[in-house]
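Numbering (my numbering), first residue to last: 351 to 701.
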Amino acid sequence: MANLSQLKVAMATSIFLSAFIFGLLIIGIIYFVGFDLFMGLLIAIAGSALFILFQYALGPVIVVATTRLHYLKPGENPWLEKVVKELADKTGIPMPKLATVPSSTPNAFTFGRSTAGATLAVHEGLLKQLNEGEIRGVIAHELGHIKHKDYIVMTVLSALPLITYYIAQITLFAGVLSGGSRRRSNNKDNSGAILLVIGVVSYIVYIITFLIVMRLSRLREHYADAFAAYLTGSPRNMQSALSKITYGLSIAPPKSPESARAFYIEDPDMAKQSYAYIMNKKNQYDLNNDGVLDERELELAMEKEAKTAAAQMNNLFSTHPTTFKRILLLREIEQEMETGQYSNDKMYNHV
């Protein structure tokens, strides 16, 4: 398979930037609070490591509990088993555990603590609403996440802004309480002001590290899309799968579990919000005037709306790229494939 150096650089850069900014915050807190630097860093590192390990260990348990997974027994779905086995062998990874989710929404996701123990879960709605070629594309996309170890990287990286957020909340609350107590006692101690400054700076660091994590989250979707296109040899199937998934999610009433949102092939809440926004301009995009936006009309609407300033700003805080951007990447790959000059070692060049 292809050289993963581009993806590794992107992941390493995101992890370094987040860790560096987080480290500066911790050193600043230790300095202002007056802790011994060595002991303070030791406590901070140990505490952060324990938090990450806790999230790493508990994450899969929460996903299983909140998504109502049904693990497939051997022979329960022969076609799905065959396709996953074929693509996993081609990818060079162990066969993941297979599960289905009793949901009518078209979606899929992977999770786990290691490549060998990964689970690939497919919604029943996806198996019913997509054709076999499109399902193969989705499976290849999810195997790409396993190949790239996305779950492990995102679990570790997403812990840093979460820790920073808790620090901001605690110090701001403590600063407000300390300030009120100081005024009542006429005490000139400035600890409350220091805590408020730490809280504000922590919140700024939280926003910065959160944006870094969201950027990597969007990048990993592009890399998985490119991986699926080359693994299956059919970017067109992946394009149509994304259109159907986005359309199906946009009109689905159930709310998705927060525990798995970032790991879905498409974010259900993001799809619904985009669809609701577009529906306010339905008359512009309802080409056949039937009162309903079909998959093609929705794709054209997303293409136009993705170029607006509001959409680009919202994208900064999204776990997934807009569907149109993903389709555009797949079109570029398809055009390269049609020339007959592409090679697997350059599969990520369009990301």
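Ideal placement from N, C-alpha and C gives every residue a C-beta, glycine not left out.
Helix, strand or coil, according to DSSP, for histidine 495 in the structure here?
Here histidine 495 sits in helix by DSSP.
Identity of the residues DSSP links to phenylalanine 459 by a beta bridge
Ala471, Tyr614
Let's test the definition: count the other Cβ atoms within 10 Å of the Cβ of lysine 675 and tell me whether it reaches 16, buried, or not, exposed.
With 16 or more other Cβ atoms within 10 Å, it is buried.
Where does lysine 432 fall in DSSP's three states?
helix
Closest residue to alanine 394 among Ile513, Leu666, Met445 (Cα-Cα distance)
Ile513
Sheet register partners of valine 701 (DSSP bridge):
None; valine 701 has no bridge partner.
Within 8 Å, do at least three Cβ pairs link the region 543-559 to the region 510-527?
Touching, yes.
Considering only C-alpha positions, which residue in the set Ile562, Gly487, Asn540 is nearest to serine 508?
Ile562
In terms of residue numbering, what span does the beta strand (DSSP E) encompassing lysine 594 cover?
From DSSP, lysine 594 is part of no beta strand (DSSP E) but of the alpha helix (DSSP H) over 585-600.
Here's a check: name, in chain order, each residue in its chain whose Cβ is nearer than 8 Å to the Cβ of glycine 425, leaving out the five neighbours to either side.
Glu431
Which first and last residues belong to the beta strand (DSSP E) in which leucine 448 is found?
447-451
Hey, phenylalanine 560 and phenylalanine 667: beta-carbon distance below 9 Å or not?
yes
Identify whether histidine 670 lies in helix, strand or coil by the three-state DSSP scheme.
coil
For methionine 351 and glutamate 474, I'd like the C-alpha separation in whole angstroms.
In this predicted model, methionine 351 has a pLDDT of only 45, less than 50, meaning its place in the structure is not dependable; the value taken from the coordinates is given anyway. Cα to Cα, methionine 351 sits roughly 30 Å from glutamate 474.
Taking tyrosine 573 as the reference, which of Ile683, Ser593, Ile402 has the closest Cα?
Ile683
By Cβ distance below 7 Å, which residues in the same chain neighbour leucine 477 in space, the five residues on each side in sequence not counted?
Closer than 7 Å at Cβ, skipping near neighbours: Ile485.
Within a Cβ cutoff of 7 Å, which residues of the same chain sit near isoleucine 371, ignoring the five residues on either side of it in sequence?
Val555, Ile558, Thr559
So the candidates are Asn457, Arg570, Glu492, Tyr381; which of them puts its Cα closest to the Cα of alanine 468?
Glu492
Could you check whether phenylalanine 382 and isoleucine 727 sit closer than 9 Å to each other, using their CB atoms as the reference points?
Because the chain here runs from 351 to 701, residue 727 falls outside it and cannot be looked at.
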